[in-house]
Amino acid sequence: MIKKHIHTEAIQPYLKQKNTFPCNKKQQFILEGAPVSGLYFIYEGCVKVFKQTANKNSQIIRFSKNGEIVGHRGFGTNYVYDISASALTDSILCNFSTDVLIEMLHKTPPLMFDFMLFYADQLQKSEANAKRFAQMTVREKVINGLLFIMQKFGQTDSFINITLSRKDIADFAGTSTDQVIRVISALKKEGLLNAKGKRLGIPDVEKFEAQLKETQYFLEG
DNA sequence: GCATTAATTGGTC
DNA sequence: GACCAATTAATGC
1 MIKKHIHTEA IQPYLKQKNT FPCNKKQQFI LEGAPVSGLY FIYEGCVKVF KQTANKNSQI
61 IRFSKNGEIV GHRGFGTNYV YDISASALTD SILCNFSTDV LIEMLHKTPP LMFDFMLFYA
121 DQLQKSEANA KRFAQMTVRE KVINGLLFIM QKFGQTDSFI NITLSRKDIA DFAGTSTDQV
181 IRVISALKKE GLLNAKGKRL GIPDVEKFEA QLKETQYFLE G
């Protein structure tokens with residue numbers, strides 16, 4: 001979204017004010033409850049956005065990859081971040097301070113417009129999301145989650161282009177690590193899933209999708 | 001290579 | 001389906 005505008009004349013001065021820094025795998029760069037420090041653009045890599053829940057569990061809200069932004073919810077009226085974010089792979093991030101961002105948006109209406117579309121889209125997805133979670137079986141949650149991850153990060157040679165821990169998959173699908181492992185090994189036995197160590201892959205997407213009953217569309221996008 | 005983490009399996013409630 | 005314990009595999013240094 002920012003990328004699309006990156007060559008327009010008007011925003012060049014602001015781009016100089018961004019702070020680019022590397023973020024290694026597992027490193028957390030947004031802490032829930034911490035004061036907002038602007039918005040992050042993912043220049044390279046993959047990132048997860050999550051929320052801590054009561055015990056020691058967490059819920060993964062969404063994944064982001066290069067070209068996308070994180071921390072946009074802290075922008076505007078919020079004083080502190082209501083989510084945490086950490087890198088899933090070694091990444092390169094750009095931080096735009098809230099001030100710079102505001103000015104940039106004011107001076108660049110097309111960018112502002114794209115931001116608006118982005119927010120509207122996010123809202124729509126999160127509403128669609130909320131409905132569908134409760135009545136899914138564990139197996140369906142896991143299948144659904146894996147499908148989404150595959151769709152988002154893509155697959156080469158029948159293996160998904162990212163390696164997530166079983167815990168991350170569980171946090172995303174809304175189950176426990178135990179359950180994820182059990183579903184995965186069942187799917188493996190059924191020949192619906194490739195698994196080599198931590199790497200997973202879907203050999204036959206159609207067959208895999210067919211495991212989901214009726215009204216199941218993907219999470220997010 | 002060793003030490004720490006993560007994955008997996010099996011069992012109990 | 002949640003929780004725990006024991007074993008084994010993967011990973012970091």
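The first sequence maps to residues 1 to 221 in the numbering used here. Just so you know, even glycine gets a beta-carbon here, dropped at the ideal spot from N, CA and C. These numbers come from a predicted model, not from an experiment.
In this structure Thr177 is in contact with Arg166, their Cβ atoms being roughly 5 Å apart against a cut-off of 8 Å.
Cβ neighbours of Pro203 within its own chain (closer than 7 Å, five residues either side excluded): Ser158, Asn194. Using a C-beta cut-off of 8 Å, the region 84–99 makes contact with the region 17–26, since at least three inter-stretch Cβ pairs fall below that distance.
Straight-line spacing of the CA atoms in Ala170 and Ala134 works out to 15 Å. Val142 has its alpha-carbon roughly 27 Å from the corresponding atom of Ile30. When DSSP reads this structure, Ile42 sits in a beta bridge with Leu93. The beta carbon of Lys16 is closer than 8 Å to none in its chain, skipping five residues each way along the sequence. For Thr20, the uninterrupted beta strand (DSSP E) run begins and ends at 19–23, by DSSP.
DSSP places Gln179 in no beta strand (DSSP E) but in the uninterrupted alpha helix (DSSP H) bounded by 177–189.
When DSSP reads this structure, Ser58 sits in a beta bridge with Gln52. Measuring C-alpha to C-alpha distances from Ser84 to each of Phe115, Pro109, Val47, Leu111 identifies Val47 as the nearest. The beta carbons of Leu105 and Phe115 sit about 6 Å from each other, so the pair counts as a contact at 8 Å. Taken in chain order, the complete beta strand (DSSP E) segments of 3 or more residues contained in the region 100–150 number zero; there are none. Cβ contact annotation for Asp168 (same chain, cutoff 8 Å, sequence separation greater than five): Lys48, Ile60, Leu88, in chain order. Membership of Arg166 in the alpha helix (DSSP H) is indicated by the continuous run 166–173.
Contact check for Lys107 against Ala10 passes: the beta carbons are separated by less than 8 Å.
When secondary structure is reduced to three states using DSSP, Lys65 falls in the strand class.
Rounded to whole angstroms, the Cβ separation of Leu101 and Gly38 is 6 Å, and the two are in contact under 8 Å.
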